[in-house]
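Worksheet for the structure shown next.
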């Protein structure tokens with residue numbers, strides 16, 4: 055579904071991604087874990103087109119990904135950006151409607167009903183400004199909004215950021231449900247334990263490179279990872 | 019409040035207010051309010067919806083005003099056509115300068131638009147042979163009143179321009195309210211909230227900023243044209259820096275987020291100086307104080323504040 059080959063990216067003159075290789079197959083959850091500043095978010099920003107790429111290439115559904123950032127949602131690649139980035143001044147429903155911006159308006163209503171079924175609290179607050187939602191609700195909205203584009207691959211940046219453990223679990227359970235329905239998910243997470251527990255495969259990034267990759271289940275018990283990222 | 023209700027209230031106010039006018043002079047003030055409100059509605063789209071600032075929109079008002087002055091004088095164009103030509107010229111100018119300028123954000127965008135406005139004012143001031151320079155120039159009569167008189171309907175200049183500006187304002191408000199609730203308006207409000215998120219849902223941020231800039235430029239241009247046509251005389255002040263600031267202040271004071279707030283802000287800042295002339299030397303002081311108080315206690319603007327208050331007491 056998504057193949058990343060030798061991806062490089064710079065902030066100014068400083069290269070922060072030094073050739074990242076990564077593969078996401080259809081229907082799996084792949085997670086990228088790593089410490090702050092490892093380049094995880096930069097990687098996702100490159101995939102969604104917000105960050106310029108200086109080397110390597112990205113292949114999405116068999117074709118090189120060269121569309122501008124705003125053209126990628128229509129291709130089926132949708133990102134839920136870091137820090138949620140919901141439209142705080144718009145209502146919950148308007149946020150969802152905007153999620154479907156890049157596709158035809160047919161079926162928006164039923165997709166919205168599905169979002170509400172997944173996150174009932176959003177339906178309760180659908181006419182309120184999204185800025186008034188709690189952190190967890192905002193995260194639900196960010197995911198629901200991304201799903202409104204009917205993506206074939208969902209990019210999630212730190213969905214657990216700033217959330218209580220219980221809410222994190224709820225969000226991750228939702229991701230599991232989505233996978234069971236056939237969604238492909240690339241999940242960038244700092245919460246390595248939760249991410250590895252959920253994902254099929256995982257990549258560990260450090261200073262702009264992938265240093266370890268493998269089945270998520272195996273990485274959970276890998277001593278190198280236990281020491282550095284799981285703290286046990 | 020629904021779109022049609024807002025428009026109905028606006029139309030009713032415009033139609034009913036003359037019943038309270040003690041003299042013909044008030045028609046002139048009313049027409050001035052409508053003309054300013056038109057430019058401010060444009061800015062409400064740019065500032066309130068798309069979240070982009072411009073300190074140079076008087077430049078577009080200047081283009082509109084001088085189009086109506088120069089078109090009939092030098093090209094033999096009918097004043098009404100000159101108004102349309104001015105609007106088109108403003109739109110194209112906004113399209114050309116907007117592309118590079120709107121890459122800038124915040125203060126930088128403010129300074130760049132400021133530069134544009136000053137540039138237009140300077141051209142108007144210095145091309146004496148064409149524009150009469152700082153002395154200004156006379157503007158041709160629109161001719162519609164003569165037409166009405168021939169049809170047997172005599173109407174005074176004040177009343178005529180009150181009606182024309184009022185109708186154009188209602189039209190402008192109707193278009194703006196439609197934009198607000200359209201996918202275009204939602205996209206503008208979205209990029210105002212978060213440009214990154216707007217791009218991830220598929221909104222071409224640069225193109226929507228440009229759209230807002232062009233739309234607001236056309237509003238300002240028509241406003242400038244109407245001002246020139248009703249005053250029958252125009253000076254470079256219409257394109258000046260102070261006029262730009264005035265327009266932005268009206269937008270923010272009334273409530274940049276709402277179209278009716280824009281009309282309200284324009285009304286207050288047009289009428290207030292007339293009322294405050296009674297205070298003579300203290301006029302500017304009081305005006306300044308009112309603006310500071312509004313911005314501190316009602317940062318979202320007057321109209322949103324008032325309507326929220328009303329809703330709360332209504333419950």
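Protein chains in written order, with the working numbering: chain A, 55 to 286; chain B, 19 to 333. A virtual CB, placed ideally from N, CA and C, is assigned to each residue, including glycine. Bear in mind that the values here come from a model prediction, so they are computed numbers and not experimental data.
In this structure, how does DSSP classify residue i when only helix, strand and coil are distinguished?
i              : result
residue 305(B) : helix
residue 179(A) : coil
residue 75(A)  : strand
residue 204(B) : helix
residue 251(B) : strand
residue 105(A) : coil
residue 117(A) : strand
residue 295(B) : helix
residue 70(B)  : coil
residue 143(B) : helix
residue 224(A) : helix
residue 121(B) : coil
residue 196(B) : helix
residue 276(B) : coil
residue 12(B)  : Nothing in the structure corresponds to residue 12(B), since chain B is present only between 19 and 333.
residue 155(A) : coil
residue 75(B)  : coil
residue 263(B) : helix
residue 219(B) : coil
Mind pulling the chain B residues with CB within less than 7 Å of residue i?
i              : result
residue 135(A) : 214, 215 and 218
residue 142(A) : 211
residue 152(A) : 204, 208 and 219
residue 148(A) : 204
residue 139(A) : 212, 214 and 215
residue 132(A) : 218
residue 128(A) : 220
Output yes if chain A places a C-beta closer than 9 Å to the C-beta of residue i; else output no.
i              : result
residue 205(B) : yes
residue 319(B) : no
residue 280(B) : no
residue 116(B) : no
residue 124(B) : no
residue 104(B) : no
residue 275(B) : yes
At a Cβ threshold of 9 Å, is residue i touching chain B?
i              : result
residue 181(A) : no
residue 198(A) : no
Report the CB separation of residue i from residue j in whole angstroms; it is logged as a contact under 8 Å.
i              : j              : result
residue 134(B) : residue 77(B)  : 5 Å
residue 184(A) : residue 140(A) : 5 Å
residue 191(B) : residue 281(B) : 7 Å
residue 52(B)  : residue 187(B) : 4 Å
residue 97(B)  : residue 161(B) : 7 Å
residue 211(A) : residue 135(A) : 6 Å
residue 232(A) : residue 239(A) : 7 Å
residue 16(B)  : residue 69(B)  : Coverage of chain B is limited to positions 19 through 333, which leaves residue 16(B) absent and any answer about it impossible.
residue 65(B)  : residue 269(B) : 5 Å
Mind pulling the chain A residues with CB within less than 8 Å of residue i?
i              : result
residue 223(B) : 124
Determine the chain B residues that contact residue i at a beta-carbon separation under 8 Å, and present them in chain order.
i              : result
residue 102(A) : 217 and 218
residue 204(A) : Ordered by position in chain B, no residue passes the 8 Å Cβ test against residue 204(A), which lies about 12 Å from the chain.
Give me the DSSP bridge partner(s) of residue i.
i              : result
residue 313(B) : Looking at the DSSP assignment, residue 313(B) forms no beta bridge with any residue, so it has no partner.
residue 208(A) : 132(A) and 239(A)
residue 256(A) : 85(A) and 268(A)
residue 169(A) : Bridge partners of residue 169(A): none, in fact.
residue 145(A) : 183(A)
residue 63(A)  : 71(A)
residue 156(B) : 251(B)
residue 56(A)  : 78(A) and 114(A)
residue 139(A) : DSSP output for residue 139(A) lists no bridge partner at all.
residue 263(A) : 260(A)
Could you tell me which chain B residues have their CB closer than 9 Å to the CB of residue i, listed as they occur along the chain?
i              : result
residue 155(A) : 201, 204, 205, 208, 216, 219, 220 and 221
So is the beta-carbon of residue i under 8 Å away from any non-hydrogen atom of the ligand SAH?
i              : result
residue 235(A) : The ligand SAH is not part of the structure shown, which contains no ligands of any sort.
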